[in-house]
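Position 11 (the sequence shown) corresponds to 11 in my numbering; numbering is contiguous. Inspection log for the structure reproduced underneath, given as structure tokens.
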Amino acid sequence: MVANEQEFVVTPWEVRGEIDYNKLIKEFGTELITNELLKRIEKHTGELHYLLRRKIFFSHRDLDWILDKYESGEKFFLYTGRGPSGHTHLGHLIPWIFTQHLQEKFDVELYFQMTDDEKFLHNPDMKLEESLKYTYENALDVLACGLSPSKTFIFSNIEFAKTLYRISLEIAKHVTFSTVKAVFGFENNTNIGMIFFPSMQAAPCFLPCILKGKNIPCLIPAAIDQDPYWRGIARFVAPKLGYYKPAQIHSKFLPGLGKGGKMSASEPETAIFTTDPPEVVERKIMNAFTGGRATIEEQRSKGGDPDICPIYQYYYFLFEPDDKKLMDIYMACKSGQLLCGEDKARLAIRVKEFLIEHQRKRKAAEKILDKVMLRD
Ligand code: TYM
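Right, dumping it as structure tokens:
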């Protein structure tokens, strides 16, 4: 979970430092998505989604097995989620945009968990009602990504507790305190709610199997910070309960607008929230760190460094799906032709346009929200 104390940290609650994704793969014991695997996916989806082509989704567990099952006629379901501690930021959209793509191409159901219990338990100042309120706020962002209302089921852990609790109990019985300490770094002063919580996040891996009374393969798209739940809990318990081990496909992190580090709600000036008004988006982008030089003259003669620049990364992750145009931006920056001010201003326009459209879809989602919520 902690790859190297000095360099970087990746846990479900903290992502810090310059992440070496190759090291992380070794540490977590996952596999790189190979070109062969990409070809296999392409057979089913047509042209590869840019998030795969650019290896933003870069790692997996048992994705080849999921494809074996699919090709032999056994459909999988998708499972992903959100810890509703505040408004959604652009980083959260990465797994959801990809989930929407998978849902559409493979024509499969999605089970989406809102861990409002986790956010209440983990954040000292969080009130239960507040995290529940964000469940509904964030669910609008999820739906705005274009998920199928008839194949998407969203649930709050607080409100869907009766069904989830029974599954969590079955899981919890097989997981010791020393396991969760080792997997999540819990200590003696961790509250007991958090110690039980991993069994709640593992429960949806088996939920559709219980609802439908048969074993169904599960694929979880998420950034790699959520991996401990699958590695340490769900995959360990699955065979004991008679279910398939859930498969995963992991993404890298959209960085924040500052120097290094992932986009995180705890640093609001370097995060863009889906509810931010245009002038706020503009301010945040215009104040961002870049890979540019100290002066215009130096930038023109030596060029900038797009590899360390969050502005370039935003094009790469979200705002320029055309590879050729992306390469043009890269080269213009490196050659000194493109100055940071222009680059930021162009990105700000793109992000503002994207958010106007997202906010419109978010509003439209209010009408279908109730229909997609599972309650018991
Ligand atoms: P949460 O709310 O921290 O994050 C929601 C989803 O967004 C991903 N993510 C990011 N992806 C790319 N760039 C970033 N900067 C970035 N920051 C966060 C996370 O990996 C996650 O996929 N406990 C979970 C909620 C949950 C869940 C799940 C997530 C419950 N069940 C199943 C994934 C799969 C949480 O607090 O996520």
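Beta carbons are placed, not taken as given, at the ideal position from N, Cα and C, and that holds for glycine.
Option in the options with minimal Cα separation from residue i
i: Leu132; options: Gly83, Phe153, Leu93 and Ile192; result: Gly83
i: Pro198; options: Tyr330, Pro221, Ile224 and Ser168; result: Ser168
i: Lys302; options: Leu338, Asp322 and Gly261; result: Leu338
i: Gly291; options: Phe319, Ala332, Pro277 and Lys324; result: Ala332
i: Pro268; options: Arg61, Ala288 and Gly341; result: Ala288
i: Pro95; options: Arg362, Leu318 and Pro124; result: Leu318
i: Leu52; options: Phe76, Ser85 and Phe98; result: Phe98
i: Pro12; options: Tyr229, His250 and Pro306; result: Tyr229
i: Leu369; options: Tyr136, Lys43, Leu90 and His122; result: Tyr136
i: Leu32; options: Arg346, Ser251 and Glu342; result: Ser251
i: Asn35; options: Val15, Glu14, Asp64 and Asn22; result: Asp64
i: Tyr111; options: Ala265, Ala345, Cys209 and Lys361; result: Cys209
i: Lys284; options: Asp307, His44, Ala345 and Leu67; result: Ala345
Other residues of its chain near residue i: CB distance less than 6 Å, five sequence neighbours each side excluded
i: Ile19; result: Phe8
i: Leu374; result: Phe153, Phe155 and Phe160
i: Lys151; result: Glu109
i: Lys324; result: none
i: Glu71; result: none
C-beta atoms of residue i and residue j nearer than 8 Å
i: Arg235; j: Phe28; result: no
i: Thr88; j: Thr270; result: no
i: Ile41; j: Leu48; result: yes
i: Phe286; j: Gly91; result: Correcting the residue type first, residue 286 is Met in the shown sequence and not Phe. Taking 8 Å as the Cβ cut-off, Met286 and Gly91 do not qualify as a contacting pair.
i: Ile249; j: His60; result: yes
i: Leu366; j: Leu140; result: For the sequence presented, residue 366 should be read as Glu rather than Leu. In contact: Glu366 and Leu140 (Cβ atoms closer than 8 Å).
i: Gly336; j: Arg300; result: yes
i: Phe177; j: Val15; result: no
i: Ala21; j: Phe58; result: Per the sequence shown, the amino acid found at residue 21 is Tyr instead of Ala. The answer is yes: Cβ separation under 8 Å.
i: Asp171; j: Ala222; result: Looking at the sequence shown, residue 171 is not Asp but Ile. Going by C-beta atoms, Ile171 is not nearer than 8 Å to Ala222.
Cβ shell of residue i (< 7 Å), same chain only, five flanking positions each side left out
i: Val281; result: Ile272, Ala348, Val351, Lys352 and Leu355
i: Pro278; result: Lys352
i: Asn157; result: Gln113, Met114, Thr115, Asp116, Asp117, Leu164 and Met200
i: Asn123; result: Ser85
i: Val180; result: Phe186, Ile195 and Pro198
i: Arg54; result: Tyr316
Contact set for residue i: own chain, Cβ-Cβ below 8 Å, skip 5 residues either direction
i: Gly17; result: Glu7, Phe8, Val9, Gly260 and Gly261
i: Ile220; result: Leu78, Tyr79, Thr80, Cys205, Gln226, Trp230, Pro246, Ala247, Gln248 and Ile249
Touch test, the region 94-111 against the region 138-148, Cβ-Cβ under 8 Å, three pairs minimum: In the pairwise beta carbon analysis, the region 94-111 is classified as touching the region 138-148: at least three pairs are separated by under 8 Å.
Hey, is the region 193-200 in contact with the region 68-80, meaning 3+ C-beta pairs nearer than 8 Å? no
For the region 214-229 against the region 240-249, are there 3 or more C-beta pairs whose distance is under 8 Å? yes
I'd like to know if the region 154-168 and the region 178-185 are in contact, where contact means that at least 3 CB-CB pairs between them fall below 8 Å. no
Ranges of the alpha helix (DSSP H) found wholly within the region 135-211, counting only runs of at least 4: 161-172, 177-184 and 192-202
Per the contact definition of three or more C-beta pairs closer than 8 Å, is the region 247-258 in contact with the region 303-314? yes
What are the uninterrupted segments assigned as alpha helix (DSSP H) that are 4 or more residues long and contained completely in the region 259-288, given in chain order? 278-286
Enumerate, from N- to C-terminal direction, the unbroken alpha helix (DSSP H) stretches of 4 or more residues contained entirely within the region 11-37. 21-28
Taking the runs of the alpha helix (DSSP H) that are 4 residues or longer, which of them lie wholly in the region 314-374? 323-334 and 340-372
In chain order, each beta strand (DSSP E) run of at least 3 residues that lies wholly inside the region 68-99: 77-82
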